[in-house]
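**Student:**
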Amino acid sequence: MHEGLPNFTMPGDDQARAAADALRILADPTRLKLMWALLQGEENVACLADLTGARPTAVSQHLAKLRLAGLVTTRREGTFVYYVAADDRVKPLLEQVLALGD
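Here the sequence shown stands for residues 2 to 103, numbered as in the working numbering.
1. Please name the residue in Thr74, Ala47 and Leu94 whose C-alpha comes closest to that of Val85.
2. Take every Cβ of the segment 20–33, pair it with every Cβ of the segment 48–68, and state whether three or more of those distances are shorter than 8 Å.
3. Mind checking Thr80: buried by the 16 CB within 10 Å criterion, or exposed?
4. Work out the CA separation of Val91 and Cys48 for me, nearest whole Å.
5. Helix or strand or just coil, what does DSSP make of Thr10?
6. Below 8 Å CB to CB, which residues in the same chain sit around Leu99 once its five sequence neighbours on both sides are set aside?
7. Within a Cβ cutoff of 8 Å, which residues of the same chain sit near Asn45, ignoring the five residues on either side of it in sequence?
8. Strictly by DSSP, which residues pair up with Ala86?
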């Protein structure tokens, strides 16, 4: 059936697994808010806690998971650590899923 569809493609197992892992990590309201904020520029934990309404300890835990997943990177300046989105290709995805809530 799919042979008759022009330009039909299917993701490979590794690509599908990586995408599912990223979606699983983002399947949390606080992490979605964190990613949205970090796609707009770098911030520290205190500012992100204020923006998301979450406690700084919770924000730190979420950021650690996002960092392990490769979705955010860090930059240290003195005693402060600043976080930023590692790749802005996730922004259209977030825009689409956040629009579902409208």
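Even glycine gets a Cβ: it sits at the ideal position worked out from N, Cα and C. As the structure is a prediction and not an experimental result, all values here were calculated from the model.
**Tutor:** For this structure:
1. Reading the sequence shown from its first residue, position 84 is the one you call residue 85. Taking only the C-alpha atoms, the option nearest Val85 is Thr74.
2. yes
3. The count along the sequence shown starts at 1 and reaches residue 80 at position 79. By the neighbour-count rule (16 or more Cβ atoms within 10 Å), Thr80 is not buried but exposed.
4. As a first step, residue 48 is located in the sequence shown; it is residue number 47 there, counting from the start. As a first step, residue 91 is located in the sequence shown; it is residue number 90 there, counting from the start. Their Cα atoms are separated by approximately 21 Å.
5. By one-based count along the sequence shown, residue 10 stands at place 9. Thr10: coil per DSSP, three-state reduction.
6. By one-based count along the sequence shown, residue 99 stands at place 98. Answer for Leu99: Leu33 and Trp37, listed in chain order.
7. Taking the first residue of the sequence shown as 1, we reach residue 45 at position 44. Answer for Asn45: Phe81, Val82, Tyr83 and Tyr84, listed in chain order.
8. Counting from one through the sequence shown, the residue named residue 86 turns up at place 85. Bridge partners of Ala86: Val73.
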